[in-house]
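First residue of the sequence shown: 1, per the numbering used here; consecutive thereafter.
We put the CB at the ideal spot given by N, CA and C, even for glycine.
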Amino acid sequence: MGRRLCFTLSLAALVFGCCVAPPARAQLTDSDLEALRAEGTAQGWTFEIRRTTASTLPEEALSGLRLPPPDDPHWKNAPAMPAPADKADPPSSWDWRALGGVTSAKDQGSCGSCWAFSTMGVVESAILRADGVVVDLSEQHLLSCNTSNWGCSGATWGYSWLIDQPDTCGRVGAVLETDYPYSAARSECLCDAPRQYRVREWGYVNGLRPSVDDIKQALMLHGPLGISIYTNAPFSAYGGGVYNACDPEATMFDIDHAIMIVGWDDALGDGGAWIIKNSWGGDWGENGFGYVAYGCNLVGFAANYVVYDGLDARLSVSPATGTHLSGPAGGPYTPDAASYTVTNNGAAAVNWQVTVPAWISAAPANGALSPGGSVQVTVTVNPAGVPATGGLFTGDLVFALPSLAVEERRQVSLSLPKEVLYSFPLDTDPGWGVTGSWAFGAPLGFSGGNGADPAAAFTGDNVYGYNLAGYYENSMTARYLTTAALDFTGRQDIELRFMRWLGVESSRYDHAQIQMSVDGGAWVPVWDHEGGNLAESAWTERVVALPASAANKASVRVRWVMGPTDGSYVYAGWNLDDIEFRGNPYTPSGDPQPCDIDSLPALFQTLLMIGDTDNDQMLAQAEIVVYVPEAAAFWHMFDPNADGKVDYDEFVTNALIAEVLPELDTDGDNALTQQEISALTDIITPGLFALVDADNSGGIDCGDLGLVPPAPCEDCAAPSPGVYEAGQDACLMVPGTFTEDAAFLWHKEGIGELLEGRWTGVHCKSLRIPNLQVEDAGTYYCHYTDGAGKGIPDVYTITIRVAEDLPASSAATLALAVLLAAACGARCLGWKRKSPPAVAG
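Rendered as C-alpha cells:
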C-alpha cells in the first residue's frame with residue numbers, strides 16, 4: 001500500500017493537484033449552544049449539549065489531523081495494509097477501560113496536536129497491555145522533534161519516529177512526559193530527554209475504510225486503535241450519551257480530528273456505538289471519553305494499530321540509544337567504538353545475529369545464547385565501506401533471532417564532512433543585498449522583555465543581523481538578507497551551515513524563513529520557524545539542506561527573511577555568523593525511463609479508493625474538484641465522451657501518457673523539468689517536484705512515476721528450497737507449462753498485490769526476491785490466467801522462512817529436500833492449492 005499510494009499521490013498531484021483544508025468552525029456562544037439543543041431535539045440527537053473547554057476554543061486548536069500533501073515523507077514510510085486478522089466472533093460489547101488497557105484522557109490545549117495525542121495514546125495502551133504498567137508518554141517530543149515539521153497546524157500519526165525514523169536529534173523512540181512536558185506549541189527539540197520506548201511496527205486496519213467488523217477484530221487483537229473522524233459543531237459541546245449528529249455529506253476530505261477507539265457496545269443507540277477516547281480534556285464528554293454511533297461522521301476512517309513486543313521480550317539490547325560517529329573519510333572517528341549488550345530473555349537457547357550497514361563492522365556478528373545469556377557486541381567504522389562523498393549517513397544495527405522472527409534495532413549514523421564550496425566567516429562584509437533593518441556589523445547586545453541580542457559574534461567581531469541595536473518592528477512586511485549568486489556547477493547535496501541566534505514571536509503571528517532561488521526569480525522555502533515564541537540565548541550551529549534543484553546550478557541565491565509581523569510583541573530577530581555552503585561532486589542521472597501504460601489499471605483502482613465517494617467505480621468531476629479545483633480546466637483530457645465521469649477504460653487508455661506528458665515535455669526528452677511544468681500550471685510545488693523526482697535528476701520521467709516496463713521474465717534455475725539464509729536471493733516459480741499469453745500477478749499475504757522494485761517478475765511465472773531480509777518471510781501467492789483457458793484463475797502458495805546459521809542436520813535435510821524436489825516436481829516443494837486470500841486495500 002505505502003509504495004503504491006506514494007506513486008498514486010504523485011500522479012494525482014501532477015494530474016489533479018493537492019487537497020484543500022476542511023471548512024472552519026467558530027467558538028460556540030451561549031446562543032449557539034441553545035440553537036444546537038433546539039436542533040438536537042428536532043433531529044433526535046441522543047447526547048447532551050453543554051459548554052466544554054473545547055467549545056470555547058477556535059477550530060485550529062481542536063482539529064489537527066491533516067492528510068499530508070503528496071511531497072511529505074509520510075507517504076514514503078506508510079506501511080503496507082495488512083490482511084484481516086483471523087476471524088473471531090466478537091461479543092456484543094468490549095471496553096478496554098474495564099479490561100485495563102487504556103490510559104487517562106489528556107488535553108491538547110490550544111494546539112492542533114490531536115495527531116500526537118492519538119499516536120501516544122495508542123502506544124501507551126500497547127505498553128499497558130504488554131508490560132502491565134501505566135506510562136505517560138510525551139506528546140511534546142513528537143510535536144517538537146519530528147523531521148517533517150509537523151506541529152500545531154495539524155499532521156497525521158507519527159509512529160515512524162517511534163519505530164526506526166530518527167528524530168531531529170538523530171534518535172528513535174518515545175520520551176516520558178516527566179522528561180519532556182507538554183507546552184502546546186512546537187519549539188526547538190530537547191535532545192537530552194532519554195528515549196524510553198519503541199514499537200516494532202504499525203499498520204492500517206484493512207485499508208483506509210475498514211468495516212465495523214474489521215475494527216472490532218483489530219480491537220480484540222491489537223488493543224485500542226488510532227482513528228479519525230469529522231468533527232462538526234456539536235462535537236465540541238458533547239457532554240455524554242451516544243453522539244449521532246451525523247453529516248451524511250461528509251467525505252474523507254472533511255475529516256479533521258485524530259482520536260482513539262477503545263471499545264464498542266452494540267446495544268447503544270439505534271445500531272451500536274464505538275467507545276472513543278478524545279484529547280480535549282476531562283470536561284469533554286464523560287471524563288474525556290464518549291460514544292459515537294457506528295459510521296457517524298466517518299468515525300473509524302484510517303483506523304490503525306501498533307505492535308509492541310514488551311520489555312520482557314525474548315531479545316533485549318542495551319543501551320536503548322543509537323550510535324553517532326563522525327570524522328574525515330580516512331578517520332580517526334569520534335567515538336572510535338560503541339558497545340551493545342545482547343541478552344536472551346527466553347527459556348531456551350537461541351542463535352542470534354546482527355546485520356549492519358556496509359560502513360560499519362560489528363564483532364562478534366552472530367552466535368548462540370543460552371537462556372539468560374548475554375554477549376557484548378562492539379561496533380566500529382568499516383574503512384572499506386565508508387562512502388566516497390560527504391554527508392550524514394544513517395542505518396540500523398539489526399539485532400535478531402532469525403528462527404523466531406524477533407529483532408531489535410538501534411540507529412547508527414556516520415557524519416563525513418562535505419567539501420566547503422563557500423565560506424563567509426564575516427570578518428569582512430561580503431556585500432550581500434539587504435532590505436529593511438538588515439545590517440552587517442558588531443552586535444550590540446540589546447536586551448528587553450522578550451530576550452536579548454548577542455553581545456558578541458560567535459567568532460571575530462561581526463555578524464549579519466536584523467536591527468543590531470534592538471528588536472524587529474511591528475506590522476512590517478518581509479525584509480531580506482540575500483546572498484550574491486553562488487555557483488554550484490558540478491556539485492550536488494548542497495547544505496547550508498551557519499551559527500544562529502534567533503528571537504521571534506510564535507509563527508501564528510510573526511515569521512522567520514530561509515528561502516532559495518535558482519534563477520533569481522521564483523523563491524522556494526528552505527526552512528520556516530514553526531511553533532511558539534523563540535528567544536535564543538546562545539549561539540547554535542544550524543545545518544539546512546538546500547532543495548535538490550540547487551544541484552549543478554550556476555546562479556543560486558539564498559536569503560534569510562524577517563517578517564511579516566503583526567502588531568503585538570517583538571523579538572530580537574535574526575543574528576548570523578560563520579556561514580558556509582558545502583556539497584558533494586555532481587553525479588548525472590541516467591537516461592529517462594520509458595513508460596509502461598500497463599501500470600495504469602492498478603493506479604486507477606487506488607484513485608477510486610481515495611476519490612470514489614459514491615462507489616460507482618468511476619471518478620466524477622464533482623468528486624475530483626472537491627479537493628482539486630484546478631481539475632476542471634483540463635478535465636476534457638480524461639473524459640473524452642464528456643459524460644462528466646472518468647471510467648476505467650478512459651483512464652487506462654487515454655491522456656496521461658499520450659497527451660499530458662508530450663504537451664508538457666516541450667524539448668521532447670521524455671522528462672518533465674520544473675520549468676516545463678510551471679509554464680502551464682503552478683500546482684506542482686518545488687517540494688512536490690523534488691519528491692516525485694526520485695532520482696534527483698531535475699526531470700520527472702516515467703521511472704519516477706512508477707510507470708516502468710517490467711523486467712524480462714526469466715524462470716528459476718532450480719526449484720525453490722523454501723528455506724533461505726538472510727542475504728540470499730530467492731526465486732519462486734509457479735509449476736506447470738503455460739501458453740505464451742498466460743498472465744501472472746504475484747501477491748504476498750499481508751501486503752496484497754506486489755509492485756516491481758523490491759520484487760522482480762511480479763507479472764511473470766517466476767518471482768525473484770534479492771538479498772532476503774527477515775521481513776521478507778511469509779506466504780506468497782500467484783494469481784494466474786492461462787490464455788488457453790486452463791486454471792482460470794487459481795492461487796499457489798509457498799512459505800519462506802529466512803534462517804541464519806542452520807544446524808548441520810538442518811542443512812543436510814535441506815539439501816535432501818532440494819534433490820527430492822528436482823526429482824518429483826512441485827508436490828515435494830509444499831505447493832498447495834487454496835482459495836485466493838482477501839487482499840487488503
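Within the DSSP secondary-structure output, R409 pairs in a beta bridge with V398.
In the three-state DSSP reduction, D131 falls in the helix class (H, G or I). With three or more CB-CB distances shorter than 8 Å, the stretch 294-301 counts as touching the stretch 240-255. DSSP lists no bridge partner for D254.
In this structure, R491 sits away from D164, with a CB-CB distance that is not shorter than 7 Å. Taking the Cα positions, A98 is about 45 Å away from H783. For the stretch 272-348, the full-length beta strand (DSSP E) segments reaching 3 residues or more read 273-277, 289-293, 301-307, 315-318, 323-326, 338-344 along the chain. Counting along the chain, V212 sits inside no beta strand (DSSP E); it lies in the alpha helix (DSSP H) bounded by residues 212-222. Taking each of R200, V526, Y238 in turn and checking the Cα distance to G282, the smallest one comes out for Y238.
Residue environment: T52 is assigned as buried (16 or more neighbouring CB atoms within 10 Å of its CB, all protein chains considered). For S568, the three-state secondary structure derived from DSSP is coil.
Looking at V175, D30, R542, E407, the one whose alpha-carbon comes closest to that of C145 is V175.
The continuous stretches of alpha helix (DSSP H) do not include R200, and DSSP gives it neither H nor E. In the three-state reduction of the DSSP assignment, M499 falls in the strand class, which pools E and B. Q108 is not bridged by DSSP to any residue. Its Cα nearest to that of P417, the residue L496 stands out among R479, L496, L162.
As a beta-bridge residue in DSSP terms, Q492 pairs with N584. Taking the Cα positions, V434 is about 16 Å away from W523.
Straight across, the Cα-Cα distance linking D131 with S413 is about 30 Å. The stretch 373-390 makes contact with the stretch 334-343; the number of CB pairs closer than 8 Å reaches 3 or more. Residues of the same chain with a CB within less than 7 Å of the CB of Y230, apart from the 5 flanking positions on each side, are D247, A250, D254, I255, D256, N297, L298 in chain order. Rounded to whole angstroms, the gap between the alpha carbons of W539 and E177 is 28 Å. Of the other Cβ atoms in all chains shown, 16 or more fall within 10 Å of the Cβ of Q353; this residue is therefore buried. With the rule of 3 Cβ pairs closer than 8 Å, the stretch 545-562 counts as touching the stretch 504-524.
Per DSSP, reduced to three states, the secondary structure at G761 is coil, with no helix or strand assignment.
Excluding the 5 residues flanking it on each side, T147 has same chain C-beta neighbours closer than 6 Å at T168, in chain order. By the Cβ-count criterion, T489 is exposed, with fewer than 16 other Cβ atoms from all chains shown falling within 10 Å of its own Cβ. A368: not part of any alpha helix (DSSP H); member of the beta strand (DSSP E) spanning 366-369, first to last residue.
Closest option to V526, judged by alpha-carbon separation, among N149, T394, T41: N149. In the structure shown, R542 falls within a strand segment according to DSSP collapsed to helix, strand and coil. For the pair M499 and E541, the CB atoms are nearer than the 7 Å cut-off. DSSP, reduced to helix, strand and coil, places M476 outside both helices and strands of the structure shown, so it counts as coil. Burial state of S423 is exposed, judged by a 10 Å Cβ sphere holding fewer than 16 other Cβ atoms.
Nearest to G451 by alpha-carbon distance, out of Y471, A442, A61, G441, is Y471. Short of 6 Å from the beta carbon of V406, and not among the five residues preceding or following it, lie these beta carbons of its own chain, in chain order: R314, L315. Between the alpha carbons of P402 and P371 lies a distance of about 16 Å.
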